[in-house]
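K.L.:
Residue numbers (this note's numbering), protein chains in the order written: chain A, 1 to 422; chain B, 1 to 198.
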């Protein structure tokens, strides 16, 4: 360890949370660095003093357990609820847990849907005109199910977990310019989640490198996008906004139609008529697109138009808000209409269609955990926010990189959003 | 033993439920009191926590957390609810330490101020804690009194593990010079940074 450890690493050391290798490096460092050694000793001593003081203090607090029990019993049912059998969906999921590929697709389909819709919503006019290419047929691909490179779990599964979702642009499957970035924060224990949109022009930086726009962060890496590239992007975003990024998922456009068709489209409540006479048709011209006010069922093609149209009938109902609306509608459909078993059944075919359009560092066990956990959330549990709307410094020029607010503000934003949901 | 009591409670054995309550009530109530600094609110939060826990006992999974930790996570959540409700009518920890007693509506004999009157480590710790930002104080109390793990604390506080670690590390950094230099009485002239209680 050449650099001085930060306070989190010192805490991890004191708490015995470092791996054996990291611990060895840490101890080698403090053996030669009296400053860090003093920090460790001081923090350790402070923790022990605090613990002793608090426990001694607590012993002085008296209580009346008898009275408290009387109060509790007034509110309890005569018979405590016995264990109920798990729901059919959950039971099926558990029984299929060994089929990692099948379960993985559930999460990735949801993720790709959310991510690609966002990609489409903010993609540039030049790239919007390209429609996703039809996917391979299920029969061809179902013979060989290939998952993203199985990787050992990089860390024990923690709750909550944050996932950086990156969507590359619509130009081609080989493109690596990022068109959308979204931080998904999932806390299944607390039954809540947050999807925080990040501007693609966000200026990101790492201590060892110059700042650059988020959309360009993968451009400099030659060849195939590797796990290291994804983790680099994750670290840069994490360092910039001050929120830990546990995993990264990169999604290409091809997964969009397959995912939305797989769930049978989405139902959205259109608050105002949308009439767009200049919707790019992909052939250099324009089509007319119309969505009537009221509850509408959208197939993949209509959903695509719904989130891509730039027409905003009134303030607050722009394509960004429509994108979020469709993300929720998709999630709602999957979670509430018991589509998970159906998706699992069709997973090999679906995976075959989108397998080349998703890259991730997630291990199989992570994916299984996430797939199981995310299906317990309803759309009421998901907060949506856009970093650009409320937490960024003003842009000095139209094309300037967007500077993130201070990390502490981002953390406060997330915490306040989650607290509002409780 | 605890698991046996849980099973019996779920089978309708009220004495088992009562045993669970009496085994865990002191630690849960004291944790709530530490977090809220108010007996009435701590009573409410603890009561809510046990009602919730017994009503959802079938959902407790011993593979995920010890029963005591599960209860601490629940009561912390209830304490956060209480804090949101009572904002605007709180007494800061700083004020508590300065005055040496709790507000008039508190029961004089049932409060941390009893300890505060005793010089030494307890008083030093409370005075120092009063100068730590609220969220860091919560994290420190959960870690060093509640003995929760970091994932459990993250769950209790509704934030990421890394956030909890940052709060604990920062809190310890703030506390270090205060605890090291305060022998035994610390300066209480600076205001509570949040202007509110834990």
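For every residue, glycine included, the Cβ atom is placed at its ideal position computed from N, Cα and C.
Being a predicted model, the structure only gives us computed values, none of them experimental.
Does the Cβ of residue 280(A) have 16 or more other Cβ atoms within 10 Å, making it buried, or fewer, making it exposed?
P.N.:
Buried, since its Cβ has 16 or more Cβ neighbours within 10 Å.
K.L.:
Counting only Cβ pairs nearer than 9 Å, list the residues of chain A close to residue 124(B).
P.N.:
Going along chain A in sequence order, the residues near residue 124(B) (Cβ under 9 Å) are 49 and 53.
K.L.:
Does the beta carbon of residue 72(B) sit closer than 8 Å to a beta carbon anywhere in chain A?
P.N.:
By this cut-off, residue 72(B) is not an interface position.
K.L.:
So what's residue 1(B) in DSSP terms, helix, strand or just coil?
P.N.:
Residue state, collapsed to three classes: coil.
K.L.:
Determine the direct distance from the alpha carbon of residue 10(A) to that of residue 169(B), and round the result to whole angstroms.
P.N.:
Each residue's Cα considered, the two are about 8 Å apart.
K.L.:
When the Cα atoms are used, what is the spatial distance from residue 78(B) to residue 157(B)?
P.N.:
So the two alpha carbons sit approximately 10 Å from each other.
K.L.:
Does residue 62(B) pass the burial test, meaning 16 or more other C-beta atoms within 10 Å, or should it be called exposed?
P.N.:
Looking at its Cβ environment, which holds fewer than 16 other Cβ atoms inside 10 Å, residue 62(B) is exposed.
K.L.:
CA-CA distance, residue 161(A) and residue 200(A)?
P.N.:
Their Cα atoms are separated by approximately 22 Å.
K.L.:
Measure the C-alpha to C-alpha separation of residue 76(B) and residue 16(A) and round it to an integer number of angstroms.
P.N.:
Straight-line Cα distance between these residues: approximately 25 Å.
K.L.:
Less than 8 Å separating the beta-carbons of residue 121(B) and residue 171(B)?
P.N.:
Cβ atoms of residue 121(B) and residue 171(B): not closer than 8 Å.
K.L.:
With a cut-off of 8 Å, does the C-beta of residue 144(B) fall near any C-beta of chain A?
P.N.:
Yes, because at least one Cβ of chain A sits closer than 8 Å to the Cβ of residue 144(B).
K.L.:
Is it the case that the CB of residue 68(A) approaches a heavy atom of the ligand HEM more closely than 7 Å?
P.N.:
Inclusion of the ligand HEM in the displayed structure is not the case, the ligand content being empty and no account of it being possible.
K.L.:
Does DSSP put residue 41(B) in a helix, in a strand, or in coil?
P.N.:
Helix.
K.L.:
Roughly how many angstroms separate the alpha carbons of residue 135(A) and residue 178(A), rounded to a whole number?
P.N.:
Reliability of the predicted coordinates at residue 135(A) is poor, the pLDDT of 34 falling under 50, and no value is obtained from them.
K.L.:
Taking only beta-carbon positions, decide if residue 176(B) is within less than 8 Å of chain A.
P.N.:
Closer than 8 Å to some Cβ of chain A, the Cβ of residue 176(B) qualifies, so yes.
K.L.:
Quick check on the DSSP output: what are the complete alpha helix (DSSP H) runs of length 4 or more inside the region 217-252 of chain A, in order along the chain?
P.N.:
Counting only runs of 4 or more, we get 227-241.
K.L.:
Check whether the Cβ of residue 95(A) lies closer than 8 Å to any Cβ atom in chain B.
P.N.:
Reliability of the predicted coordinates at residue 95(A) is poor, the pLDDT of 37 falling under 50, and the value obtained from them is presented with this limitation in mind. Residue 95(A) does not count as touching chain B.
K.L.:
Once you ignore the five residues that flank residue 359(A) on each side, which residues in its own chain have a CB closer than 7 Å to its CB?
P.N.:
Result list for residue 359(A): 148, 225, 230 and 250, in chain order.
K.L.:
Could you tell me which residues DSSP pairs with residue 286(A) in its beta bridges?
P.N.:
Bridge partners of residue 286(A): 280(A).
K.L.:
For residue 205(A), name the three-state secondary structure that DSSP assigns.
P.N.:
The answer is strand: DSSP assigns residue 205(A) an E or B state.
K.L.:
Classify residue 144(B) as buried or exposed, calling it buried when 16 or more other Cβ atoms lie within 10 Å of its own Cβ.
P.N.:
Buried, because 16 or more other Cβ atoms sit within 10 Å of the Cβ of residue 144(B).
K.L.:
Any idea which residues DSSP pairs residue 297(A) with across the strands?
P.N.:
Paired residues: 267(A).
K.L.:
Terminal residues of the continuous alpha helix (DSSP H) containing residue 47(A)?
P.N.:
That run of the alpha helix (DSSP H) goes 34-59.
K.L.:
What did DSSP end up calling residue 362(A) once you bin it into helix, strand or coil?
P.N.:
Coil.
K.L.:
The beta strand (DSSP E) spanning residue 166(A) covers which residue range?
P.N.:
Run containing residue 166(A): 161-168, per the beta strand (DSSP E) assignment.
K.L.:
For the candidate residues 26(B), 163(B) and 59(B), whose alpha-carbon lies nearest to that of residue 68(A)?
P.N.:
Comparing Cα-Cα distances from residue 68(A) to each of 26(B), 163(B) and 59(B), the minimum goes to 26(B).
K.L.:
Is the beta carbon of residue 13(A) closer than 8 Å to that of residue 40(A)?
P.N.:
Closer than 8 Å, so yes.
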